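Take a look at the structure set out below.
2 protein chains.
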Amino acid sequence: MKFNENLAGLVNYEAGKPIELVVREFGIEAKDVIKLASNENPFGTSPHVVEAIKSAASNAFLYPDDSYFELKEALGAKFGVGTKNIIIGSGSDQIIEFCLHAKANPQSAVLMAGVTFAMYEIYAKQVGAKIYRTRSQEHDLAEFLEIYEAHKDEISVIFLCLPNNPLGECLDTKEVYEFLKRIDEDVLVVLDCAYNEFAKFKDARKGIESSEILKFKNVIYLGTFSKAYGLGGMRVGYGIAKESIISELCKLRAPFNITTLSLKAAIEALKDEEFVTKTLENNLKQMARYEAFAREADIEFIPSYTNFITFKFDKQSASEISQNMLKKGIILRDLKSYKLNAFRITIGQSWQNDRVFEELKQNLK
Amino acid sequence: MKFNENLAGLVNYEAGKPIELVVREFGIEAKDVIKLASNENPFGTSPHVVEAIKSAASNAFLYPDDSYFELKEALGAKFGVGTKNIIIGSGSDQIIEFCLHAKANPQSAVLMAGVTFAMYEIYAKQVGAKIYRTRSQEHDLAEFLEIYEAHKDEISVIFLCLPNNPLGECLDTKEVYEFLKRIDEDVLVVLDCAYNEFAKFKDARKGIESSEILKFKNVIYLGTFSKAYGLGGMRVGYGIAKESIISELCKLRAPFNITTLSLKAAIEALKDEEFVTKTLENNLKQMARYEAFAREADIEFIPSYTNFITFKFDKQSASEISQNMLKKGIILRDLKSYKLNAFRITIGQSWQNDRVFEELKQNLK
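Listed in order, the protein sequences are those of chains A and B. Mind the numbering: the first sequence is residues 5 to 369 in this note's numbering, read in order. Mind the numbering: the second sequence is residues 5 to 369 in this note's numbering, read in order.
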């Protein structure tokens, strides 16, 4: 059977390894596995949210209120925007998909950083769009502008990952706003702010404000409940933009794109800012330990504005170290699929990080 | 901002009205609302599954095992197929999307019944494909073949909805297999079996067997946990086909397309066949009451092989009746968006149906 041409060039996203796999492959008990591979919240889910999910569990048979009325009202209040400026996705990933399916096509191109979130390219290829990347791995807006100017007739979508997954760096907000002014209003600029809570907490100059975003006719802010809000497994993300953008993206949203329990969980998660603050505080404190560890062990790292840190290797193989750690029940994220000799470690709780340091030491030469 | 051309022709799917809306608009308490609009399971979710969800609630922060290993093993055992013959979707809806994004394009056409599940057309339009429908509202394979033969060079996907939503009729399996033999191996035939458990229970001649499906190189079977398995709100569906089809569709599946709790719920739901049997038995028994009611009230209906029945009207307005019922807290599904003067009623529990009959009587002239 012949399939659409675009499929020929597609490869699947390589997800972080699940705990179940370590249990299956290495016979380690689930409770002894430390998963720091997928940037989930090391404190789990807020206990209030867990209770809310339990209370709503018997509604699993009911489709959700597809207007997502209550969630949009709550997000609208938090960000100071109207409900018509909000779209809900199955993770912010799905809104990335909507953006590309709405604006990119085989005649257009998509611009992104040299090394950035893999799903941008995957979705862009699904619609047959061309990809431009900056030479630098990290975001460099001068390079973005240079490529943009050279291929203005082609580029229909630009991605800025603020902060950048999987590297960790983050552009200054002021720079970003200046950049946005240079971009034609017909080009959609996606500000992927999945980790922006962490960046803003570390340094206010990295925080993207939705009120500023709504000044632009061609910019969308993406946020998620997967990281700081502790709901990675529930798949809820959101986009904030002018109504003229949101209403078009909504045409691509299938009904019931999040689950009934995800909807409930997200609404409850927004009420527990204390949990988020605890998460952000732990992250900052434990991040300092990783930096100190790396300096002492002479490992190259990128100062991170996220809830993970990426260690780069020169002589040793990062894949080999990751694999050794895996056998000990510690799951890190090998970045081989990003063509890097590096791995990414989610910042865990103190006791988890202790074990990481201990095992890592055994593996460093 | 200009968007891709395909978006111009798109309208959103009109979902069944949620309980929350009736509460908001008519001030009726949620506990007094009877929702028979979206073909959810009137017994809710199996108590065993509800318990499993509660036990897993604290895992909401963890991404699911993206291989869906355990669920695929369980489905494979149930259907007697390999795990590589299975793809998991966010509802079977999402697999409809994958099929169309993989096989349809602006140069191709999609063939379906005169009145059938709205998402086929919506997803087909997303990729700019042309739509052919049979003249008859219900499935008529002679008409399908006639159109297929006349537009063989264009048609890349054919949908058969077995049984058909929102009408309720169901083709005989034997007829379907004969039809499949007449279709070129490069055309993907999608057998949407979301309600097939109900059809098979009523009449064995309507049951589609996955072992038969795997004999064809170009056929995919779609099943769901939303109806007989009582998990509409959890969004889990599956496709079964030759590995050559599944592996291509998997290229379009984003990681973590179902939630951690949905995965758990689906695995547990497969273990409780008793709940499914109870559901099917109630459905058959209560369906007979709806048929008797319709005959007595002289309402036209299509004998249904699903968990709903569609009442067609001639003189009275189905929309008006639906709206009156809504004010009384009973949510039916007006089929105006399908261009029918009809409404669809999910077969409820006995006490729910009593109330429907009572209120309907007040509205019939």
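For glycine and all other residues, C-beta sits at the position ideal for the given N, C-alpha and C. A quick note: this is a predicted structure, and the numbers were derived from the prediction, not measured.
For Lys369(B), the three-state secondary structure derived from DSSP is coil. For Cys254(A), at least one C-beta of chain B is nearer than 8 Å to its own C-beta. A straight line joining the alpha-carbon of Phe279(A) with that of Tyr199(A) spans about 16 Å. Ranking Glu277(B), Ser341(B), Ala128(B), Thr138(B) by CA distance to the CA of Gly20(B) puts Ser341(B) first. Not one beta carbon of chain B lies nearer than 8 Å to the beta carbon of Glu29(A).
Of all residues in the region 37-48 of chain B, only Ser42, Glu44, Asn45, Gly48 place a beta-carbon less than 7 Å from a beta-carbon of chain A. Listed in chain order, the positions of the region 60-89 of chain B with a beta carbon within less than 8 Å of a beta carbon of chain A are Ala61, Ser62, Asn63, Ala64, Phe65, Leu66, Tyr67, Pro68, Asp69, Asp70, Ser71, Phe73, Glu74.
Residues of the region 271-304 of chain A that bring their beta carbon within less than 8 Å of a beta carbon in chain B are absent altogether.
Assigned with DSSP and collapsed to three states, Ser112(A) falls in coil, not helix or strand. One finds nothing in chain A with a Cβ atom closer than 8 Å to the Cβ of Gly172(B); even the nearest lies about 19 Å away. Cys165(B) carries a strand assignment under DSSP once its states are collapsed to helix, strand and coil. When C-beta distances to chain B are compared with 9 Å, the residues of the region 181-194 of chain A below that value are Glu189, Asp190, Val191, Leu192, in chain order. Under the 10 Å beta carbon count, Ser230(A) is surrounded by 16 or more other beta carbons and is classified as buried.
Residues of the region 122-136 of chain A that bring their beta carbon within less than 9 Å of a beta carbon in chain B comprise Met123, Ile126, Tyr127, Gln130, Val131, in sequence order. Secondary structure at Gly84(B): coil, using DSSP grouped into helix, strand and coil. In this structure, Gln141(B) sits near Gly118(B), with a CB-CB distance shorter than 8 Å. Taking the beta carbon of Val54(B) as reference, the chain A residues within 8 Å of it are Ala61, Ser62, Ala64, listed in sequence order. Chain-order list of chain A residues neighbouring Phe7(B): Ala106, Lys107, Glu252, by C-beta distance under 7 Å. Within chain A, the residues whose beta carbon sits less than 7 Å from that of Arg239(B) are Phe260, Thr263, listed in sequence order. Annotation for Thr228(B): Ser96, Ala198, Gly241 place their beta carbon closer than 6 Å to its own, counting only its chain and skipping 5 residues before and after. Runs of the alpha helix (DSSP H) lying entirely within the region 182-243 of chain A and spanning at least 4 residues, in chain order: 200-206, 214-217. The beta carbon of Asp338(B) is closer than 7 Å to those of Ala322, Ser323, Ser326, Phe347 in its chain, skipping five residues each way along the sequence. For Thr264(B), no pairing in a beta bridge is given by DSSP.
In the same chain as Ile217(A), and ignoring 5 residues on each side of it, the C-beta atoms closer than 8 Å to its own belong to Leu195, Val223, Ile224, Tyr225, Ile244, Ala245, in chain order. The region 304-312 of chain A makes contact with the region 165-181 of chain A: 3 or more CB pairs, one atom from each, lie closer than 8 Å. Residue pairing from DSSP places Asp338(B) in a beta bridge opposite Phe347(B). Residues of chain B with a Cβ closer than 7 Å to the Cβ of Lys58(A) are, in chain order, Lys58, Ala61.
CA-to-CA, the gap between Lys219(B) and Leu40(A) works out to about 43 Å. When DSSP reads this structure, Arg137(A) sits in a beta bridge with Met116(A).
Cβ-Cβ distances below 6 Å link Lys268(B) to Ala56, Ala60 in the same chain, with the five nearest sequence neighbours on each side left out; the list follows chain order. DSSP places Gly352(A) in the coil class of the three-state scheme, outside both helix and strand.
Any Cβ of chain A closer than 8 Å to the Cβ of Ile249(B) would place that residue at the interface, and such an atom is present. Three or more beta-carbon pairs separated by less than 8 Å link the region 347-357 of chain A to the region 41-49 of chain A, which places the two stretches in contact. Short of 8 Å from the beta carbon of Glu304(A), and not among the five residues preceding or following it, lie these beta carbons of its own chain, in chain order: Ala298, Phe315, Lys316, Phe317, Asp318. Distance between Tyr17(B) and Leu253(A), taken at the CA atoms: about 14 Å. Among the residues facing chain A, Leu235(B) is included, as its CB has a counterpart in that chain under 8 Å away.
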